[in-house]
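First to last, the protein sequences are chains A and B. Letter by letter, the first sequence follows residues 1017 to 1132 of this note's numbering. Letter by letter, the second sequence follows residues 68 to 338 of this note's numbering. Here a beta-carbon is modelled for each residue, glycine too, at the ideal position from N, C-alpha and C. These notes are about the structure you will find just below.
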Amino acid sequence: MDPERTLGEFEQIVLLAVLRLGDEAYGVTILDEIAAKTGRNPAPGALYTTLHRMEDKGLVTFRDGSPTPERGGRAKRFVTVTREGRTALASAQSAYRSLLQGLDLLDAKLFGGAYA
Amino acid sequence: MPNSISSADRSQPITRKTQPAEWLLARIAGPDRSAAIMGDLAEMAQTRGRLWFWMAYARTIVETGWRVSFSFVLGCAIFSLIDWLCGSHRIWLVQALRLGRPHMMLHISPYLWLFLYSVTTPLWFTAPFVVARYGIRDRFVRLILLFTFVMTCAMDYPHRFTLLFVSVTLFAAAVSLFWERWRKPVLVFAATVGMGTAAYLVISRSVFWGFWYFGHQYHRNGFDGFAAPHLILWIAMWAIALSSMFIITFVCARMHRRLLERPAATDRTIA
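In structure tokens, the structure reads:
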């Protein structure tokens, strides 16, 4: 995979949430983690579309867990970030850090005193 | 770890009536993905309610399925455009694209013409469909694009058809044999093109033999000639095209999912 491949903002959020959750990352916990840490409530459909797209790109892989009664006997599908996914995420975050270098986001001059 | 649980455990009210919904989602997202999605929605619905479950399901269907629908419509649109361009009234456009060179199609065997036409015509739907559905990075898509280009050229220059066809076939066979990363894409490609051609050939021949039979009966009853109404011919042509397109879509999606999309690992395989 191309390490320079760009990731969308939501893709980065999902990858970070999956990394934070470790072995417990599946649809429900990822949505909860994103809601808890970002205050956003993404639609489940948006999450699945993003996860499947990243699977096709080789950024994440899935493994089936055990079926549980509260899921109607269906297995959880746990997500793991691949090495390519980590590389792409690191590359995207590095670009953000480079752009942020030298900027004080709370600087009153930049935001018209809103944060002064 | 067992892969299924007893029926008593499947008694959650939100999941009892979702089998048709899961079936529909499986047609779009695949059986593994749809089971996991339905499981997640059922789990979340325990605290959010039945209405939330169905709203989330509807949004998931739309967000997951729009690309499939869009790809199909795009394929139909491009097919129609090429079909329209090749119509007798627009032949000057094709002639202009050919830079005034004479068309050779009338000088070849009708069987070769039928074969060429049956292979190439479904490709005019397949190529845009797979580009929109799977993206240009997919090796199978690149093979389809290359083959569509070669076959379209072969239709226009049939005297070079044999050379081109043999070259591409040998190339594909060599790649599939010696380069493992291309083996599965070539298999999906062969299945899609083969089924598309077979479907188009069988369906179109059946329909036209039907027209010939009715025309023959009409003639035997003492009428002069038989001319099917324009509308019926138009409907027949589109029925042929759409049937082939559905078969191509089905075979392509099945083969692509089975051979080119990564299956999820299980707890057992991880262990």
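Pair within 7 Å by beta-carbon distance, residue i and residue j
i: A/G1043; j: B/D99; result: no
i: B/E110; j: A/R1087; result: yes
i: B/S176; j: B/T264; result: no
i: B/S101; j: B/A93; result: yes
i: A/T1065; j: B/T131; result: yes
i: B/V318; j: B/T259; result: yes
i: A/V1097; j: A/L1035; result: yes
i: B/L210; j: B/F256; result: yes
i: B/S271; j: B/I307; result: yes
i: A/E1049; j: A/L1037; result: yes
i: B/L179; j: B/L254; result: no
i: B/R200; j: B/S138; result: yes
i: B/V135; j: B/I95; result: yes
i: B/S234; j: B/Y267; result: no
i: A/Y1023; j: A/A1108; result: One detail in the question is off: residue 1023 of chain A reads as Leu in this sequence, not Tyr. A contact, by the Cβ cut-off of 7 Å.
i: A/L1075; j: A/E1100; result: yes
i: B/R321; j: B/G97; result: no
i: B/M262; j: B/I314; result: yes
Per-residue DSSP class, three states only, for residue i
i: B/R324; result: helix
i: A/G1043; result: helix
i: B/W246; result: coil
i: B/S176; result: coil
i: B/R204; result: coil
i: B/D107; result: helix
i: A/Q1028; result: helix
i: A/G1038; result: helix
i: B/L190; result: helix
i: B/Q113; result: helix
i: B/Q86; result: helix
i: A/Q1109; result: helix
i: B/D150; result: helix
i: A/D1120; result: coil
i: A/T1022; result: coil
i: A/G1088; result: coil
i: B/G132; result: helix
i: B/T264; result: helix
i: A/G1055; result: coil
i: B/S71; result: Residue confidence is low: B/S71 scores 43 on pLDDT, short of 50, so the model does not pin down where it sits. Its coordinate-derived value is still stated next. Coil.
i: A/T1098; result: coil
i: A/L1075; result: coil
i: B/G142; result: helix
i: B/V318; result: helix
DSSP beta-bridge partners of residue i
i: A/S1060; result: Inspection of the sequence shows that residue 1060 of chain A is occupied by Pro rather than by Ser. Answer is none; A/P1060 lacks a bridge partner.
Partner residues on chain D for residue i, Cβ-Cβ distance less than 9 Å
i: B/A109; result: In summary, chain D is missing from the structure at hand, where the protein chains are A and B.
Specify whether the stretch 112 to 128 of chain B and the stretch 182 to 197 of chain B touch according to this definition: at least 3 beta carbon pairs, one from each stretch, less than 8 Å apart.
no
Three CB pairs or more closer than 8 Å across the stretch 113 to 120 of chain B and the stretch 1113 to 1120 of chain A
no
Flag this pair as touching only if the stretch 1074 to 1083 of chain A and the stretch 1052 to 1061 of chain A have three or more C-beta atom pairs under 8 Å; answer yes or no.
no
Is it true that the stretch 212 to 219 of chain B meets the stretch 242 to 253 of chain B, where meeting means three or more beta-carbon pairs spaced less than 8 Å apart?
no
Quick check: the stretch 195 to 207 of chain B against the stretch 127 to 144 of chain B, are there 3 or more CB pairs under 8 Å?
yes
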